[in-house]
Ligand SMILES: [Zn+2]
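Residue numbers (the numbering used here): 52 to 255.
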């Protein structure tokens with residue numbers, strides 16, 4: 052993660068924005084034009100149907116759209132790997148390795164990179180497992196099932212410790228994000244049934 056915070060706040064969801072969401076679906080976070088530095092105003096462009104940040108000087112329209120968060124459910128035999136966060140928000144709480152997708156990545160390569168960066172873990176991806184819409188903070192989270200190739204973890208600076216948990220050991224009341232909880236619940240359910248599906252859900 053190059054950003055200080057990957058997964059973020061707002062109880063169930065995610066990442067910390069450097070701004071506050073003022074209106075649902077409408078962050079109004081942009082104040083200055085990226086092209087010329089001029090002030091922007093939020094208005095509906097002539098060829099559009101919703102408010103956008105429009106530069107008052109050069110008329111550039113700055114679109115804001117949901118971002119993708121990608122991560123893994125790394126497994127070693129019966130146990131899964133969780134990381135304890137060394138950063139805010141949710142400092143000290145446990146999460147699956149995940150973070151913002153970067154330009155130039157696929158969802159798969161991003162998930163692998165986050166797993167390496169946060170847990171220092173090498174995995175083989177086994178398939179897409181969960182797709183979670185977190186509309187309130189304009190994010191979509193993708194988690195892949197993954198098989199750990201070894202147990203030599205070397206957590207990065209964003210992680211206090213990385214360790215393996217059986218289902219019974221998972222610290223359910225100390226999970227950092229709702230999308231992590233929803234993914235883990237489905238994961239263990241599927242494992243009991245002996246078949247892993249692909250799950251989608253909306254996080255309120
Ligand atoms: Zn401008």
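Heads up, the beta-carbon is just placed ideally off N, CA and C, and yes, glycines get one too. Computed from a prediction, not measured in an experiment: that's the story for all the values here.
Report the CB separation of residue 117 from residue 191 in whole angstroms; it is logged as a contact under 8 Å. 6 Å
Quick one: measure Cβ to Cβ for residue 193 and residue 179, integer angstroms, because I've assumed they're closer than 8 Å. 7 Å
Same chain, Cβ closer than 6 Å to residue 75, five either side skipped, listed in chain order: Any reading at residue 75 must be qualified, since the residue scores a pLDDT of 43, below 50, and its modelled position is unreliable; no value is offered.
Answer yes or no: do residue 7 and residue 186 have a C-beta to C-beta separation smaller than 8 Å? There is simply no residue 7 to check, as the chain begins at 52 and stops at 255 in what is shown.
With residue 203 as the anchor, note down where its beta strand (DSSP E) starts and where it stops. No beta strand (DSSP E) contains residue 203, which DSSP labels as neither H nor E.
Report whether the distance from the Cβ of residue 111 to the nearest heavy atom of ligand 1 is below 7 Å. yes
Secondary structure of residue 158, DSSP reduced to three states: helix
Cβ contact (3+ pairs, closer than 8 Å) linking the stretch 108 to 117 and the stretch 138 to 155: no
Using 7 Å as the cut-off, classify the Cβ of residue 243 as near or not near the heavy atoms of ligand 1, replying yes or no. In terms of side-chain proximity, the C-beta atom of residue 243 is found no nearer than 7 Å to any non-hydrogen atom of ligand 1.
Beta-carbon separation (whole angstroms), residue 237 vs residue 246, contact threshold 8 Å: Not a contact, Cβ separation roughly 12 Å.
Looking at the C-beta of residue 227, does it have a partner C-beta in chain E at a distance below 8 Å? Although the question refers to chain E, the structure presented lacks it and comprises just one protein chain.
Residue 141: CB within 7 Å of a non-hydrogen atom of ligand 2: Ligands present in the displayed structure are limited to ligand 1, and ligand 2 is not among them.
Any contact of the stretch 154 to 161 with the stretch 85 to 94, i.e. 3+ C-beta pairs under 8 Å? no
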